[in-house]
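So, in structure tokens, the structure goes:
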């Protein structure tokens, strides 16, 4: 058979479908393939430089010469730690040569990611000063800081005097430093800064950083381990464009909020904040002045943490946030004064953890537009509620309740499409009774049904299946169900007529977990019925199943034979038996 050679265009197209490592391997096929790769400038635009390897400056020059005039993605990394500081000094000259090489192409920088020992970062940035106007992403992370290294990192990138900022986006991420920006800060639209336990951080540091980036649209500050910031000595800072603001692990958040104005704020996330009276008052001032806030997240330590702590006194008037459509609060008692003093008349998505019953009732009853409700535990539930019940939620389509599924007795949700109820075995409520009440009174056309709790048995699932024919996704966990449920779901066509009489005819995905009485044989019979090639039309089932007890070799082989819907590529039926359970999953 005659050999047919491939043209350079065909080889080039093959390269387009491969990653960098594979490209290098297949380029060794012949001279044509090697020369084609060397002429393919797009291949050389991603420059990966490991400072631990020999002559990274030579590699950089080699790749840059072949990248033509294309924009560059540059990654510089090093695993040096404190114990390797001497090694880092040995290669200082090499790092300086690398920096000189990279400085010559700064006009083509599009993405730069430096994760290295602080000494290497200091050397690189001291040389690479200038203009990088095509830069879209800059990441600098100090893996370890050398003794004497300045924690206030100056990023020496600049703007020409006549340059007009605006129109483009630039993401900057700094880890382990207090960043300082020159005129380059005018270009930054997204900023993520993560400090560490070695950083001596003050409120003025954060405010000066924000002042140097007046065009910020999104900002994420993580001050884990930084301690108290102290009061600011600066005048008010106005961030005219900042729409998304996230602050984590700041003990005295009032030191920032009291000196900050956010007229364009739309999204606010506060995590692990020390909610003193001063902190809550400063939050009130920000929210009163920010009329466009539509998304709020407030999270603190686990509810069990400081569960007996009395929250700080808070005497502000009720604050009505007309624009808020999404609100999430997860915390301990220290956050509750905030939820008690907020009114959210237009809330559409509500996610609360360990919230008192009266607060939950007030939120859901004040908004007819509520669509998505997630409740992770409800506390202080009165034995005989005196508030008007049930609450009508005409727009609610998704409901998730964990810890107190009996709350469904208090709502009417005819448009519900997704329902997940999780029952804790330590609580006395009967999950099955609440479930049946909701189905009977609201008659929802559920598509997704998830039930987790020992109070659910075969009769409950079959009863629901008869009344919820639209269900496509079924998740049953820790329920008192048996193979009887699977036999009911696998029932064949009704013999009286030719029309299907199968429960859950639209079922597409089933998840069975922690159900002790579900057996491999029951699953096999169910899958054989639902996915038989000659069976009735309908969706083929996928899902996730785990069993208590050992699955035999034959059972595993039979289940794996349904390869049309189960993907077993990532598992083996003969994995080491662990904790008496095998998991078989489809993705």
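Numbering (this note's numbering), first residue to last: 5 to 591.
All C-beta atoms in this analysis are idealised placements derived from N, C-alpha and C, irrespective of residue type, glycine included.
For residue i, the first and last residue of its enclosing beta strand (DSSP E)
{"i": "residue 113", "result": "113 to 120"}
{"i": "residue 477", "result": "477 to 481"}
{"i": "residue 168", "result": "Careful: residue 168 lies outside any beta strand (DSSP E) and carries neither H nor E."}
{"i": "residue 453", "result": "452 to 456"}
Residue interval of the alpha helix (DSSP H) (run including residue i)
{"i": "residue 214", "result": "207 to 215"}
{"i": "residue 340", "result": "340 to 344"}
{"i": "residue 179", "result": "No alpha helix (DSSP H) contains residue 179, which is instead part of the beta strand (DSSP E) from 175 to 179."}
{"i": "residue 254", "result": "It is not in any alpha helix (DSSP H) - residue 254 carries neither H nor E in the DSSP assignment."}
{"i": "residue 231", "result": "Segment: none, residue 231 is in no alpha helix (DSSP H) and carries neither H nor E."}
{"i": "residue 524", "result": "524 to 535"}
{"i": "residue 442", "result": "435 to 446"}
{"i": "residue 562", "result": "557 to 564"}
{"i": "residue 98", "result": "96 to 107"}
{"i": "residue 65", "result": "60 to 70"}
Straight-line Cα distance separating residue j from residue i
{"i": "residue 249", "j": "residue 364", "result": "26 Å"}
{"i": "residue 244", "j": "residue 405", "result": "39 Å"}
{"i": "residue 538", "j": "residue 378", "result": "Residue placement at residue 538 is poorly supported in this model, since its pLDDT is 48, which falls under 50; the coordinates still yield a value, given next. The alpha-carbon atoms of residue 538 and residue 378 are separated by roughly 42 Å."}
{"i": "residue 302", "j": "residue 367", "result": "16 Å"}
{"i": "residue 563", "j": "residue 447", "result": "35 Å"}
{"i": "residue 551", "j": "residue 522", "result": "7 Å"}
{"i": "residue 138", "j": "residue 246", "result": "22 Å"}
{"i": "residue 119", "j": "residue 52", "result": "12 Å"}
{"i": "residue 126", "j": "residue 293", "result": "41 Å"}
{"i": "residue 528", "j": "residue 507", "result": "18 Å"}
{"i": "residue 81", "j": "residue 62", "result": "16 Å"}
{"i": "residue 121", "j": "residue 64", "result": "19 Å"}
{"i": "residue 342", "j": "residue 286", "result": "12 Å"}
{"i": "residue 476", "j": "residue 489", "result": "16 Å"}
{"i": "residue 226", "j": "residue 275", "result": "9 Å"}
{"i": "residue 502", "j": "residue 492", "result": "Unreliable positioning characterises residue 502 in this predicted model, as indicated by a pLDDT of 42, which lies under 50. The coordinate reading is nonetheless provided below. Taking the straight line joining both Cα atoms gives about 18 Å."}
{"i": "residue 99", "j": "residue 382", "result": "58 Å"}
{"i": "residue 548", "j": "residue 444", "result": "29 Å"}
{"i": "residue 208", "j": "residue 158", "result": "16 Å"}
{"i": "residue 261", "j": "residue 288", "result": "10 Å"}
{"i": "residue 298", "j": "residue 270", "result": "5 Å"}
{"i": "residue 216", "j": "residue 203", "result": "20 Å"}
{"i": "residue 487", "j": "residue 525", "result": "8 Å"}
{"i": "residue 145", "j": "residue 58", "result": "22 Å"}
{"i": "residue 236", "j": "residue 263", "result": "7 Å"}
{"i": "residue 194", "j": "residue 185", "result": "14 Å"}
{"i": "residue 419", "j": "residue 470", "result": "18 Å"}
{"i": "residue 77", "j": "residue 300", "result": "35 Å"}
{"i": "residue 569", "j": "residue 531", "result": "Residue placement at residue 569 cannot be trusted, given a pLDDT of 37 that sits under 50; what the coordinates show is reported in the next sentence. Their Cα atoms are separated by approximately 10 Å."}
{"i": "residue 557", "j": "residue 565", "result": "12 Å"}
{"i": "residue 329", "j": "residue 349", "result": "9 Å"}
{"i": "residue 187", "j": "residue 135", "result": "10 Å"}
Buried/exposed call for residue i, threshold 16 Cβ in 10 Å
{"i": "residue 494", "result": "buried"}
{"i": "residue 567", "result": "The predicted position of residue 567 is uncertain, since its pLDDT is 42 and thus under 50; a value taken from the coordinates is nonetheless stated next. With fewer than 16 Cβ atoms within 10 Å of its Cβ, residue 567 is classed as exposed."}
{"i": "residue 576", "result": "Here the model assigns residue 576 a pLDDT of 42, short of 50, so the residue's position is not dependable, and the following value carries that caveat. Under this definition residue 576 is an exposed residue."}
{"i": "residue 73", "result": "exposed"}
{"i": "residue 407", "result": "buried"}
{"i": "residue 165", "result": "exposed"}
{"i": "residue 373", "result": "exposed"}
{"i": "residue 66", "result": "exposed"}
{"i": "residue 180", "result": "buried"}
{"i": "residue 314", "result": "exposed"}
{"i": "residue 148", "result": "buried"}
{"i": "residue 337", "result": "buried"}
{"i": "residue 456", "result": "buried"}
{"i": "residue 436", "result": "buried"}
{"i": "residue 86", "result": "Any reading at residue 86 must be qualified, since the residue scores a pLDDT of 47, below 50, and its modelled position is unreliable; no value is offered."}
Those residues which DSSP pairs with residue i across a bridge
{"i": "residue 223", "result": "195, 249"}
{"i": "residue 244", "result": "DSSP, once it has assigned bridges, lists no residue as partnering residue 244."}
{"i": "residue 135", "result": "162"}
{"i": "residue 516", "result": "480, 549"}
{"i": "residue 79", "result": "52, 117"}
{"i": "residue 144", "result": "118, 178"}
{"i": "residue 486", "result": "521"}
{"i": "residue 461", "result": "484"}
{"i": "residue 184", "result": "158"}
In chain order, each beta strand (DSSP E) run of at least 3 residues that lies wholly inside the region 261 to 339: 271 to 275, 299 to 303, 330 to 334
Runs of beta strand (DSSP E) lying entirely within the region 347 to 429, each at least 3 residues, in chain order: Listed in chain order, they are 353 to 360, 376 to 383, 402 to 406, 422 to 426.
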